[in-house]
Amino acid sequence: MNDSFQISLKNVSKSFEDLDVPVLNNLSFEINASERVAILGSSGSGKSTLLHIIAGLDDPSKGNVFFNNDLITKLSDNNKSILRNKHIGFVYQSHHLLKDFSAIENVMMPLIIRRNDSLKDFNQAKKILKKLGLGSRLNHFPHQLSGGERQRVAIARAIVTSPDIILADEPTGNLDHKNANIVFESFLELTEEFKTAIVLVTHDQSLARKMNKIYHLSSGKLKSK
Ligand SMILES: Nc1ncnc2c1ncn2[C@@H]1O[C@H](COP(=O)(O)OP(=O)(O)OP(=O)(O)O)[C@@H](O)[C@H]1O
Ligand SMILES: [Mg+2]
């Protein structure tokens, strides 16, 4: 964890060619070390687009995104990937697991990219999968897992590097309410250990209330709730 960590968006707009109105409209946002923020908003309001821009996975049409004092938007794709691998965990709305790799191999992947020690990587990935209730699914492939189990593997993959921040797009969207709560509590315990900042996109008000701040995204703007 890095105490001085901050991501800030300054006057960010995002338009897509086929849409008349911008999805994000002159929006500013800031998140600091250990902060936990929820983003609510109706379907199509731009929540995933916003998360992708915060992570440097997509570029804004206008405005700037800073990681500490670095302008993310100016980095090469390769340097953006390095920054993400070191500092950011991302849980995609659709899990994006690699289909030819087992659960534990998917979770180890970000560590392998860093060329760590493979036995350490294995043990770290196993510890997190166990904590998320997947101790008996380590060697299953994505097609052998349920939707909720795949989401838990995707959560484990985002946490395994102990990043400064996790951006999570409906991380428990495929789980029933009871299991969503159980998985989310384990997720929070793991992030507490590393003082990880969180931006959580969710439709679940009870999960949103576990964060320090709640924003609502509508008409391209973030409003505090
Ligand atoms: N690559 C793209 N090209 C064109 N339009 C896009 C693209 N990505 C997103 N959009 C549009 O931008 C708007 C916001 O999409 P986004 O996926 O950010 O919404 P969301 O709030 O995450 O919705 P949901 O809750 O359904 O996941 C939608 O109207 C969508 O169709
Ligand atoms: Mg979305």
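Just so we're aligned, residue -12 is where the sequence shown starts under this note's numbering, counting upward by one. Glycine residues also receive a C-beta, built at the ideal position from the N, C-alpha and C atoms.
Going by the CB atoms, is the gap between residue j and residue i shorter than 9 Å?
| i | j | result |
| --- | --- | --- |
| A184 | I152 | yes |
| H203 | G76 | no |
| V186 | R144 | no |
| S(-9) | I18 | no |
| H74 | F54 | yes |
| H190 | E136 | no |
| S30 | N12 | no |
| A167 | L132 | no |
| Q138 | N161 | yes |
| Q80 | V170 | no |
| I26 | I201 | yes |
If contacts are defined as beta-carbon pairs under 8 Å, then residue i and residue j qualify, I think. What distance do you get, rounded to the angstrom?
| i | j | result |
| --- | --- | --- |
| S89 | H39 | Not quite, the Cβ-Cβ distance comes to about 27 Å (not below 8 Å), so this is no contact. |
| I69 | G43 | Contact doesn't hold; Cβ gap of about 11 Å is too wide. |
| T148 | P97 | 5 Å |
| A20 | K197 | At roughly 18 Å, the Cβ-Cβ gap does not stay under 8 Å, so A20 and K197 are not in contact. |
| I100 | N72 | 6 Å |
State the start and end residues of the unbroken alpha helix (DSSP H) segment that holds residue i.
| i | result |
| --- | --- |
| G134 | 134 to 146 |
| D64 | 64 to 74 |
On a Cα-Cα basis, can you pick out the residue from the options that is closest to residue i?
| i | options | result |
| --- | --- | --- |
| L37 | K67, E22, S(-9), A155 | A155 |
| S32 | S2, K200, L121 | S2 |
| S173 | V188, T148, L121, D46 | L121 |
| G207 | S15, K114, K197, N51 | S15 |
| K113 | N13, K212, R124 | R124 |
| P129 | D46, V8, D87, K67 | D87 |
| K210 | D7, L84, K34, H164 | K34 |
| K118 | D108, N103, V140, I100 | V140 |
| S63 | D46, V188, Y79 | D46 |
| S205 | K107, V8, T159, N199 | V8 |
| E180 | D104, P150, K165, Q192 | P150 |
Where does the unbroken beta strand (DSSP E) through residue i begin, and where does it stop?
| i | result |
| --- | --- |
| A25 | 23 to 27 |
| D156 | 152 to 156 |
| L209 | 208 to 211 |
| S0 | -7 to 1 |
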